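Just so you know, we're using the numbering used here here: the sequence shown kicks off at 95 and counts up by one.
Shown next, in structure tokens, is the structure this report addresses.
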Amino acid sequence: MDLMVEASPRRIFANAHTYHINSISVNSDHETYLSADDLRINLWHLEITDRSFNIVDIKPANMEELTEVITAAEFHPHQCNVFVYSSSKGTIRLCDMRSSALCDRHSKFFEEPEDPSSRSFFSEIISSISDVKFSHSGRYMMTRDYLSVKVWDLNMESRPVETHQVHEYLRSKLCSLYENDCIFDKFECCWNGSDSAIMTGSYNNFFRMFDRDTRRDVTLEASRESSKPRASLKPRKTWEKAASGGPVCFCLWRGARQALLLTWRRSRSRADGHCSQKAITQNKCIYFSPSLPFQFIDQKINIQEKSCCQLPLFL
């Protein structure tokens, strides 16, 4: 019998957004939080449910002049006056609420320069940022676009300090992905407890983990199905096989199995962050898996049933 989990709301905060909410972030002061939709970001107090303060508004007077939308927003983990929000143009703005009540001017603007030689019809679509996350230390932030995950230093606005390719083999298939709307899929990303590794999702139940210190990466699969031991699925070999038309096949149709949402539970029992848990959502289920140091997962791409707990999502 499957375990059924159901939650009931303690408070309902309503009537503040015209568009779908894409982000909610609790402030480090533990008294306020922000909520963001395509055009506005509102600041709420946890004890006041009937009103909020608008802190970002990018809606133009004429909607025909709209060139970008807000895609994600998050508070700084330590500085309660600082938050960031990303846009569909691949830019990130860092704002300080001490500067003005309405943060229509950013304090810092992060954008990677585009290579004109690689520009195509899909460039703006795949550069749209789907998620932004501060590191636990507050020095870095991580962004996820369609093909890659990037790490930014808050002191360097011109370009990211790290770029990790998630599924570069799909670059040659962008036309097919556009036709079936998969190119608009929004993947999340997260840090481990010590900020030494990052994780993000992909297709076919796969998710990627990158070690920032050793530059090693691993591909895992969220699944309850038992399978025979098999060789490690290394990204480099996967790209080579996919490019040459080999046997590696990935679902590219609408409704394919994606690991879109995930989180990495920060450990309280170990200072190195290895003793923690990951949670990945896929196909209306949540998969829980114990985190392992990179040296222990080189030959492991399946989260087997013995180390995975599946819960149904009520959608």
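The beta carbon of each residue, even a glycine, is placed where N, CA and C say it ideally should be.
Predicted model, so just to flag it, every value in this text is computed and none were measured.
Beta-ladder partner(s) of residue i, from DSSP
i: residue 234; result: 247
i: residue 179; result: 167, 187
i: residue 284; result: 293
i: residue 122; result: Paired residue(s): none; residue 122 is not in a bridge.
i: residue 137; result: 128, 147
Cutoff 7 Å; reference residue i; Cβ partners in own chain excluding five residues on either side
i: residue 147; result: 136, 137
i: residue 191; result: 149, 175, 197
i: residue 304; result: 258, 291, 292, 311
i: residue 107; result: 138, 143
i: residue 307; result: 290
Contact set for residue i: own chain, Cβ-Cβ below 8 Å, skip 5 residues either direction
i: residue 202; result: 187, 188, 248, 251
i: residue 277; result: 216, 219, 220, 240, 268, 271
Residue environment, residue i, which counts as buried when at least 16 other CB atoms sit within 10 Å
i: residue 297; result: buried
i: residue 236; result: buried
i: residue 113; result: exposed
i: residue 282; result: buried
i: residue 102; result: exposed
i: residue 115; result: exposed
i: residue 261; result: buried
i: residue 211; result: exposed
i: residue 275; result: exposed
Residue interval of the alpha helix (DSSP H) (run including residue i)
i: residue 268; result: 268-273
i: residue 217; result: 217-221
Unbroken beta strand (DSSP E) run spanning residue i, endpoints
i: residue 292; result: 291-295
i: residue 149; result: 147-151
i: residue 126; result: 126-130
i: residue 155; result: Neither: residue 155 is in no beta strand (DSSP E) and is coded neither H nor E.
i: residue 258; result: 256-259
i: residue 279; result: Note, residue 279: premise wrong, no beta strand (DSSP E); not H, not E.
Same chain only: Cβ atoms within 6 Å of residue i, ignoring 5 sequence neighbours per side
i: residue 204; result: 186, 246, 251
i: residue 110; result: 136, 146
For the 8 Å Cβ check, are there 3 or more pairs between the segment 192-199 and the segment 237-253?
no
Inter-stretch contact (C-beta, 8 Å, three-pair minimum) for the segment 116-125 and the segment 181-192
Output reads no: the segment 181-192 does not touch the segment 116-125.
Validate contact between the segment 164-172 and the segment 131-144 using beta carbons, cut 8 Å, 3 pairs
yes
Contact between the segment 286-296 and the segment 266-278: three or more CB pairs below 8 Å?
The segment 266-278 and the segment 286-296 do not touch, with fewer than three beta-carbon pairs separated by less than 8 Å.
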